[in-house]
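See structure below.
Protein chains: 2
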Amino acid sequence: MTGSHNIHHAPDSSSAHSLPHDSSSSPGSGPVIDDFIAVIPAGGVGSRLWPLSQPHRPKFLLDLLGTGTTLLQDTVTRLAPLASQTIVVTGQRHADAVAAQVPQVPAANLVAEPTPRDSMAAIALAAAIIQHRHGDRIMGSFAADHVIGEPDKFRAAVRIAVSAARTGKVVTIGINPTEASSAFGYIAQGADLPDAPGAFAVREFTEKPDPETAASMLASGGYVWNAGMFVVSTAVLLGHLERLQPGIYAGVTEIAATWDSDERQASLEHVWPTLTKIAIDHAIAEPVAAAGGVAVVPGAFDWHDVGDFDSLAGLLTPDADGVTRIGRSAAVGTFGSSGVVAVGGTKALAVVGIDDVVIVESDEALLVLSRAAAQEVKAAAASGL
Amino acid sequence: MTGSHNIHHAPDSSSAHSLPHDSSSSPGSGPVIDDFIAVIPAGGVGSRLWPLSQPHRPKFLLDLLGTGTTLLQDTVTRLAPLASQTIVVTGQRHADAVAAQVPQVPAANLVAEPTPRDSMAAIALAAAIIQHRHGDRIMGSFAADHVIGEPDKFRAAVRIAVSAARTGKVVTIGINPTEASSAFGYIAQGADLPDAPGAFAVREFTEKPDPETAASMLASGGYVWNAGMFVVSTAVLLGHLERLQPGIYAGVTEIAATWDSDERQASLEHVWPTLTKIAIDHAIAEPVAAAGGVAVVPGAFDWHDVGDFDSLAGLLTPDADGVTRIGRSAAVGTFGSSGVVAVGGTKALAVVGIDDVVIVESDEALLVLSRAAAQEVKAAAASGL
């Protein structure tokens, strides 16, 4: 039997929200922001979701929630009511799949990286293309593979961040932490900013903490999760870049100057491989925060990184038979087993005498996983099986 | 990687034995017994081995040990040095597969039952065909799906049983029990029989006991397992049958009279479906034993019913990586998992964070099974998955 799936509502949450379809009620509703451009870096395999995710079939291309749309499509759709246009930056090998999934993004706004150069180069090239085409604009960069349960609240936070970005800050949207996770970096939130209502100073970015540190940060209440969402004027971003990473600045400026010409591919192939591999956090966010140039808008929306099968299963409600199904069409039977998660697959599946197990059947491979060991899938993905 | 498989030697056994290839040393060696005919009822799905076994692909047709030969082939090969000929009785739907697997059995010795009528009718028809063709002979009936690790010792026991059968007894070969199993019936062994060296009187057959009863029978020392092996003269068997099950006697006699003629199929289809469904144990062995007509030869050979995946895995030695592989060609990787049994399958398999688990991939289905719940597979097989 084929199950229908719903997002699991946390028992302590009274908010009614639905995924992945947007509703258009306030406070997230409002007009498109004419000078706001969405940038979506679509990278990362998501190796803890192997064998569903694979290098040739990364997480952002997957319909991970079984809703009929992929995480990338959901991301583009979520931003469409806000942004005047969208730029997607992805690896060359995924460019065709991305173009097929989001045909509303014009070819000129699809940046295909010849090789992975980490997030700073990807975001910087998008910024440089925008700056070259349009002059200064507000850009917002959002990962292609996150799950957001309350798009209205998300868009409301983005609107606040866009306003804050107009004051010259690099603005990040922080996620209100719901647990003492050591899977995310944290942002230390400072005083509120008088000229940017709803935004706060950032005292510092911290790396992924150990569990004890995470617990103390959660208890102190002054921290939000760093979800890698940055809203900033392109001129401000490129200014920081010119000062902090002049090589990347020069490179992306050179590529951007040829982007809408016949020389695009030549300059991309010539310059791109020379760019420094560095994350935007290290290149810009941390040093600029130390100098007081970063603001944070706390986001009150449901947000999930969906890093592994256990957290993915936690987002879904089991079917009436107790089985949580993700993209599985063939029958599942359980016998003396509870907490079964069945992912993908075209063969009938029986689980006998095992609790809290995830079974994934992809075209290439099978994974049989204890939910408690969901993080360890990385080792299986790296094993070359 | 593909693993090689060896039969696991029990630590308390000092006997060196190999499976499935015969050696020809004493005491099992010797000439073919001219008047001895092997009868192999090939029936039973083996539903606790689902989805490897299926109604269309029963246990006896499987290369369960990964040796390159099936249990049926092993059974025929094991008896070939003893028997002047072999008769296989199987279901009509399996007749072609049986003929293909054991081409050394002539078509006239392949009995294809139109419908299952249990073991008495199957064995009785073989007896009647032999009697009609040759007159009185000694027949030995042996299931097609048992695993025997020491064929020489097995054949030595059969030779003793054949001699005992010449005294007019129904002779069964009992297995020395190695544990207090409640999976088998037990045979209460009586005094030795002066005119049949190596054979003993049978006091009674008992049904599969509860664990406490099994333990006390094992402790008493006077019991062997009933493995359904019967050696008997066809005239003696048919005589008992005529008295105890006259309907079956009349039916198989009628079919046998036409067996080597053009009327075989017509009489089979006409008479066979009318035969009483009853096991040979209930029809003959139990009542004849009560009248003192059954003898038992204790068998000292390795014998396994291989009823489920846990017992099957117990017969095999794991590969160097700790994984026990059965008919699996694709790669297996384990991560924080021990006691993994991988059966069949063409897709790479990763097991993460789960111990003592059996994963079976057939063309139709997947089974993920706790070894401790191996008996419960029956429910999965019956579920129609």
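So the sequence lines, in the order shown, correspond to chains A and B.
Residue numbers are given in the working numbering: position 91 of the first sequence equals residue 91, and the series is strictly consecutive.
Residue numbers are given in the working numbering: position 147 of the second sequence equals residue 532, and the series is strictly consecutive.
C-beta: ideal position from N, C-alpha, C; glycine also.
Original post:
For A/I326, which residues in chain B fall below 7 angstroms Cβ to Cβ?
Top reply: Within 7 angstroms Cβ-Cβ: nothing; A/I326 doesn't reach chain B, min ~15 angstroms.
**OP:** Report back the beta-carbon spacing between A/G339 and A/D355 to the nearest angstrom; my notes put them in contact at under 8 angstroms.
**Re:** 5 angstroms
Original post:
Near A/A97, what residues of its chain come up, given a Cβ to Cβ distance below 6 angstroms and the 5 sequence neighbours on each side ignored?
Top reply: L61
Original post:
Near A/P55, what residues of its chain come up, given a Cβ to Cβ distance below 6 angstroms and the 5 sequence neighbours on each side ignored?
Top reply: V45
Original post:
Could you check where the alpha helix (DSSP H) with A/E242 kicks off and where it finishes?
Top reply: T234 to L244
Original post:
Under 9 angstroms, do A/L366 and B/I744 count as touching if we go by C-beta distance?
Top reply: yes
Original post:
Does any residue of chain B bring its CB to less than 9 angstroms from the CB of A/K347?
Top reply: yes
Original post:
Hey, which unbroken runs of the alpha helix (DSSP H) at 4 residues or more fall wholly within the stretch 529 to 601 of chain B?
Top reply: 536 to 550
**OP:** Ignore the nearest five residues each way along the sequence and tell me which others in B/K593's own chain have a CB closer than 6 angstroms to its CB.
**Re:** S567 and G570
Subject >> Identity of the residue in A/F36, A/E254, A/A42 and A/I175 nearest A/S387 by Cα >> reply: The shown model of chain A, from 1 to 385, leaves out residue 387 of chain A, and the question about it has no answer.
Original post:
Comparing alpha-carbon positions, which option in B/K444, B/V717, B/E749 and B/F720 lies nearest A/V332?
Top reply: B/E749
Subject >> Among B/P416, B/A573, B/P596 and B/L495, the one whose alpha carbon lies nearest that of B/D537 >> reply: B/P416
Subject >> Complete alpha helix (DSSP H) runs within the stretch 457 to 502 of chain B (minimum length 4 residues, chain order) >> reply: 480 to 486
**OP:** Check the Cβ of A/V341 against every Cβ in chain B and list those closer than 9 angstroms, keeping chain order.
**Re:** The premise fails here: A/V341 is roughly 11 angstroms from chain B at the closest Cβ pair, so nothing lies under 9 angstroms.
Original post:
Where do the ends of the beta strand (DSSP E) carrying A/V358 lie?
Top reply: V357 to E361
**OP:** Starting from the C-beta of B/A738, find all residues in its chain whose C-beta is less than 8 angstroms away, skip the five residues before and the five after it, and write them out in chain order.
**Re:** As written in the sequence, residue 738 of chain B is Gly, which differs from the Ala given in the question. Closer than 8 angstroms at Cβ, skipping near neighbours: F720, G721 and S722.
**OP:** Give, in chain order, every residue of the stretch 354 to 377 of chain A whose Cβ lies closer than 7 angstroms to some Cβ of chain B.
**Re:** I354, V357, I359, E361, E364, A365, L366, L367, V368, L369, S370, A372, A373, E376 and V377
**OP:** Taking only the alpha-carbon atoms, compute the straight-line gap between A/D118 and A/V271 and give it to the nearest angstrom.
**Re:** 15 angstroms
Original post:
Can you find a CB in chain A that lies within less than 9 angstroms of the CB of B/L770?
Top reply: yes
Original post:
Given 8 angstroms as the limit, is there contact between the stretch 658 to 669 of chain B and the stretch 626 to 644 of chain B, that is, 3 or more CB pairs closer than that?
Top reply: yes
Original post:
Straight-line CA distance for B/Q650 to B/L629?
Top reply: 27 angstroms
Original post:
Mind checking whether A/T90 and A/A42 have CB atoms under 9 angstroms apart?
Top reply: yes
**OP:** For my contact list, B/L434 and B/V532 are in at a C-beta cut-off of 8 angstroms; report their separation, rounded to the angstrom.
**Re:** Actually they are not in contact, since the Cβ atoms of B/L434 and B/V532 sit about 12 angstroms apart, beyond 8 angstroms.
Original post:
First and last residue of the alpha helix (DSSP H) that includes B/V762?
Top reply: V762 to A767
Original post:
What's the C-alpha gap between B/T454 and B/L467?
Top reply: 20 angstroms
Subject >> Endpoints, the alpha helix (DSSP H) within which B/A675 is located >> reply: E671 to A675
Original post:
For B/S696, does the three-state DSSP call read helix, strand or coil?
Top reply: helix
Original post:
Is B/P658 helix, strand or coil by DSSP?
Top reply: helix
**OP:** Assess, as a yes-or-no matter, whether the stretch 158 to 170 of chain A is touched by the stretch 211 to 222 of chain A under the definition of 3 or more beta carbon pairs within less than 8 angstroms.
**Re:** no
Original post:
Since A/F335 meets chain B, which of its residues come closer than 7 angstroms, beta carbon to beta carbon?
Top reply: E761, A764 and A765
Original post:
Out of curiosity, what's the CA-to-CA distance linking A/S26 and A/V158?
Top reply: For A/S26, the pLDDT reaches just 48, beneath the cut-off of 50, and the residue's location in the model is therefore unreliable, although a value from the coordinates is still provided. Those two C-alpha atoms are separated by around 13 angstroms.
**OP:** Please list the partners that B/A568 has in chain A, where partner means a Cβ-to-Cβ separation under 9 angstroms.
**Re:** Neighbours of B/A568 on chain A: none; closest Cβ ~18 angstroms, over 9 angstroms.
Subject >> Own chain residues within Cβ distance below 7 angstroms of B/E671, not counting five before or after >> reply: F590
Original post:
Listing by chain order, which chain A residues have their CB less than 7 angstroms from the CB of B/A736?
Top reply: Checking the displayed sequence, the identity of residue 736 of chain B turns out to be Val instead of Ala. In chain order: V368.
Subject >> Same chain only: Cβ atoms within 6 angstroms of A/R166, ignoring 5 sequence neighbours per side >> reply: none
Subject >> Coil, strand or helix - A/I278 by DSSP >> reply: coil
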